[in-house]
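In the numbering used here, the protein residues as written are 28 to 312.
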Ligand SMILES: [Ca+2]
Ligand SMILES: [Ca+2]
């Protein structure tokens, strides 16, 4: 679909405009008038297939960034390109959306060390395309967080230019919550977290309604607000071995631990496992 047909809209949320205002790409003076602050961290969030930017689980993420960082939050709404019957059409549309995100980010005139992208489902790959497009212009975004990056058409894709991968940002971290249906079973970041094994989440009886695929947004929102319990995860050869209690140590010969979500660091890479609760508070340790 064309840019006009997709009609990508950018919503801005700041401490001055917590309910959001629609802003135009490149209209920096208007953004500043509404509270954009280039000394603050900027987060650009992109939704997935059959979705939009205005759902409650997305608002929880924007609100958390405002609360913890007083950040500039932008929500990329490409609903006309995402709410189509044909998944492959939506999949093609994120090439367009990724370029629009890149142009929008460049228009902020901010150091890219302050700009982080995050996306759910197809939005994770759109963020990857944006990161790649910016790299081609000589910029590198500091971080891309993939929330259950979409699997169909991406899992096992050997060409990193066709999907989210570690080269798309200084630090790429992903959370896989439905790696056998809507999400991807392929590691696509410097670190890839597989809560509850990554296939099926607690209290999700069926994934037909994408319960497990969507649950990742709840985990991520909670992680931003975390103060003590920060989703500690463990290096392990498999979920079965993790469940059998073979991987409970951090450091030493057992490798390092890392926090899933907002508090993840780039110093501890690879595939990680952890358990969560089935409802808030999701974090166990
Ligand atoms: Ca890529
Ligand atoms: Ca599943």
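No residue lacks a Cβ here, since even glycine has one placed at the ideal position from N, Cα and C.
Counting only runs that start and end inside the segment 108-183, the alpha helix (DSSP H) elements of at least 4 residues fall at 114-134, 149-162. Placement of the Cβ of residue 190 at a distance of less than 7 Å from at least one heavy atom of ligand 1 is found. Just measuring C-alpha positions, the residue of 88, 268, 112, 196 sitting nearest residue 140 is 196. Residue 89 is not a Cβ neighbour of residue 121, given a cutoff of 8 Å. Under the criterion of beta carbons closer than 8 Å, residue 80 and residue 102 qualify as touching, at roughly 4 Å. At least one heavy atom of ligand 1 falls within 7 Å of the beta-carbon of residue 195.
Ranked by Cα distance from residue 94, the options 105, 150, 68 are led by 68. Two segments are said to touch when three or more pairs of C-beta atoms, one from each, lie closer than 8 Å; by this definition the segment 55-65 does not touch the segment 152-166. If you draw a straight line from the Cα of residue 129 to the Cα of residue 32, it is about 19 Å long. Counting only runs that start and end inside the segment 55-103, the alpha helix (DSSP H) elements of at least 4 residues fall at 55-60, 83-96.
Using a 10 angstroms sphere on the CB of residue 267, the tally of other CB atoms stays under 16, which defines it as exposed. Taking the C-beta atoms as reference points, residue 110 is found nearer than 8 Å to residue 77. 37 is the residue among 224, 37, 44 whose C-alpha sits nearest the C-alpha of residue 131. In this structure, the C-beta of residue 159 approaches ligand 1 to less than 7 Å from one of its heavy atoms. DSSP places residue 276 in no beta strand (DSSP E); its state is neither H nor E. In its chain, beyond the 5 residues on either side, 88, 145, 172, 174, 202, 288, 289 have a beta carbon closer than 8 Å to the beta carbon of residue 247.
Of the heavy atoms belonging to ligand 1, at least one sits nearer than 7 Å to the Cβ of residue 187. CA-CA distance, residue 298 to residue 127, rounds to 31 Å.
One alpha carbon belongs to residue 308, the other to residue 301, and they sit about 15 Å apart. For residue 47, the Cβ stays outside the 7 Å cut-off from all heavy atoms of ligand 1. Taken in chain order, the complete alpha helix (DSSP H) segments of 4 or more residues contained in the segment 28-58 are 30-33.
Per DSSP, residue 202 is not a residue of any alpha helix (DSSP H); the beta strand (DSSP E) it occupies stretches across 198-202. Distance between residue 261 and residue 30, taken at the CA atoms: about 42 Å. Looking at 184, 54, 117, the one whose alpha-carbon comes closest to that of residue 107 is 117.
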